[in-house]
Amino acid sequence: MTDLVFKGRNDQVLTNSLLVAEKFGKEHKHVLDAIRELIQGCAETSADPMFVETIYVNEQNRQEYPMFVMNRDGFTLLAMGFTGKKALKFKLDYIAAFNAMERSLKEIKTPQTYAEALRRLADEVEAKEQIQYQLEQKTEQLDESKEWYSIKRWAKEHNMNWRCINWRRMKALSYGLGYEIKKIFDANYGQVNIYHINVFKTYFQ
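FYI, in the working numbering the residues of the sequence shown are 66 to 270.
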């Protein structure tokens, strides 16, 4: 059931409108309409966003389509509108999946003694130093890579203004195409994102 949910930033448990539509046997466009109505109705009362609109790339026609990522509260609000015996079972499946994922994220052991805490801290510092070293080693390789580009480097090599490239759309496309977003050192900004060449190609199709 954990395939119904996934871990987002800050260990937040999330799902999305595609998964909900598939699980409940509904057309995705109808789920999108229901979410948009909820967003409009909650606009004045909800401080934290329960739904975040993004895009995905259809595997068959390679076209971009909208979808929503939602947290537990967003799913709960959306599922209130789904009725019937099957819908009840699906709601329970989702609740179980949310609970299982949240439990797994909380099962990180907490140090019980001062000595254990010191060892944990030393291990974390050593791990961070190792990661930093590896990042520095990879930075030069990635900066000259033929597969990974920063927005500015891509724009420069293609004689365009880098401000014409929307980084939010690049980020969404990367997630939709299954590419991670890497980082390299930049003298002006500390670190900048770099994106796979296929993400740029899809962006400019």
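We put the CB at the ideal spot given by N, CA and C, even for glycine.
>> Give the list of continuous alpha helix (DSSP H) stretches no shorter than 4 residues that lie fully inside the region 80-109.
In response: 82-89, 93-107
>> For Tyr159 and Trp227, I'd like the C-alpha separation in whole angstroms.
In response: Walking along the sequence shown from the start, residue 159 turns up at place 94. Walking along the sequence shown from the start, residue 227 turns up at place 162. So the two alpha carbons sit approximately 42 Å from each other.
> Do you know offhand how far Glu222's Cα is from Glu124's?
Replying inline: Mapped onto the sequence shown, residue 222 falls at position 157. Mapped onto the sequence shown, residue 124 falls at position 59. The alpha-carbon atoms of Glu222 and Glu124 are separated by roughly 29 Å.
> Are Met166 and Val78 closer than 8 Å when you measure CB to CB?
Replying inline: Here residue 166 refers to the residue found at position 101 when the sequence shown is read from its first residue. Here residue 78 refers to the residue found at position 13 when the sequence shown is read from its first residue. In contact: Met166 and Val78 (Cβ atoms closer than 8 Å).
> Who are the Cβ neighbours of Asp138 in its own chain at under 6 Å, not counting the five residues just before and after it?
Replying inline: Translated into the one-based positions of the sequence shown, residue 138 becomes position 73. Excluding sequence neighbours, Asp138 sits near Met115.
> Residue ranges of each beta strand (DSSP E) run of no fewer than 3 residues wholly in the region 106-155, ordered along the chain?
Replying inline: 116-122, 129-136
>> Which residue wins for smallest C-alpha separation from Ser169, given the options Phe269, Gln270, Val70?
In response: What you label residue 169 is simply residue 104 of the sequence shown in a count that begins at 1. Ranking the options by Cα distance to Ser169, first place goes to Val70.
> DSSP on Ile160, reduced to helix/strand/coil?
Replying inline: By one-based count along the sequence shown, residue 160 stands at place 95. Helix at Ile160.
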